[in-house]
Amino acid sequence: MKIISRHHLRSDAVDEIETALAEGLDVELDADTYELVELEDTTFDVVLVDGEPDVLYYEGEPFLSVRGANAHSAEEGVVTVDAGAVSFVSNGADVMRPGIVEANERIKAGDLVVIVEESHGKALAVGRALVDGDEMTGDSGKVVESLHHVGDAVYEFSV
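Residue numbers (the numbering used here): -2 to 156.
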């Protein structure tokens, strides 16, 4: 991935990120530096939090990256999948109802969510909820669109 630009964020942009993550995921970032890295040929922009690619802008909306979700455990906005779904989700597949063992009830359709595996709670992907959290478990149907996952180009990004 080619870097278009890289610069430190202003305090109002930092406040926006910190507020969005605190309200949406119950995650408190305590960092000294926030640097925006704009990338060519991707729908994401990366925010380096103390040098780590912990935050991404998804269509202008700040949210944790998979690396960030593993570094800063989210309490809200989490969808948990069973062991059978891990290999699919880790390869970028959308999340289907039968693979979900738990979903936060506060999730609304359209929200960004962190997808974790049930054994160790490790983040596998970030996606967009297609239904509310209380409708995610069941027998059939796609319920989360995958946006970013372990091993994709954004996950492998380093500066």
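For glycine and all other residues, C-beta sits at the position ideal for the given N, C-alpha and C.
The model shown is predicted, which means the values in this text are computed figures rather than measured ones.
request  = Identify, in the order they occur along the chain, each residue of the same chain with its Cβ nearer than 8 Å to the Cβ of Arg3, setting aside the five sequence neighbours on each side.
outcome  = If you number the sequence shown from 1, residue 3 lands on position 6. Excluding positions up to five away in sequence, the list reads Glu32, Leu33, Val34, Glu35, Val156.
request  = For my contact list, Val63 and Val123 are in at a C-beta cut-off of 8 Å; report their separation, rounded to the angstrom.
outcome  = Counted from its first residue, the sequence shown places residue 63 at position 66. Counted from its first residue, the sequence shown places residue 123 at position 126. That belief holds up - the Cβ atoms of Val63 and Val123 are roughly 6 Å apart, short of 8 Å.
key: Where the beta strand (DSSP E) through Ile0 begins and ends   = In the sequence shown, residue 0 corresponds to position 3, counting from 1. Ile0 -> beta strand (DSSP E) spans 0 to 5.
For Leu33, the residue or residues it bridges with in DSSP = As a position in the sequence shown, residue 33 is number 36, starting the count at 1. DSSP output for Leu33 lists His4, Val44 as bridge partner(s).
request  = Go ahead and pull the three-state DSSP assignment for Leu53.
outcome  = By one-based count along the sequence shown, residue 53 stands at place 56. Strand at Leu53.
query = How long is the line joining the alpha carbons of Arg94 and Thr39, rounded to whole angstroms?
reply = Counting from 1 along the sequence shown, the entry for residue 94 is found at position 97. Counting from 1 along the sequence shown, the entry for residue 39 is found at position 42. Whole-angstrom Cα-Cα distance: 28 Å.
ask   = Count the other CB atoms within 10 Å of the CB of Ala19; is the residue buried (16 or more) or exposed (fewer)?
value = Your numbering for residue 19 matches position 22 in the sequence shown. Ala19 is exposed by the Cβ-count criterion.
task = Sort out for me which residues DSSP pairs Lys139 with in a bridge.
result = For this step, residue 139 is matched to residue 142 along the sequence shown. Its beta-bridge partners are Met93.
task = Grab the span of the beta strand (DSSP E) containing Arg103 for me, first residue to last.
result = Counting from 1 along the sequence shown, the entry for residue 103 is found at position 106. Where Arg103 is concerned, there is no enclosing beta strand (DSSP E), given that its DSSP letter is neither H nor E.
request  = Could you have a look at Leu127 and say whether DSSP puts it in helix, strand or coil?
outcome  = Translated into positions along the sequence shown, residue 127 becomes position 130. Coil.
task = Name the two residues that bound the continuous alpha helix (DSSP H) containing Phe85.
result = As a working note, residue 85 is residue 88 in the sequence shown. Note, Phe85: alpha helix (DSSP H), 80 to 87.
ask   = Taking DSSP as the reference, what is the three-state secondary structure of Glu58?
value = On the sequence shown, residue 58 is found 61 positions in, with the first residue counted as 1. Three-state result, Glu58: strand.
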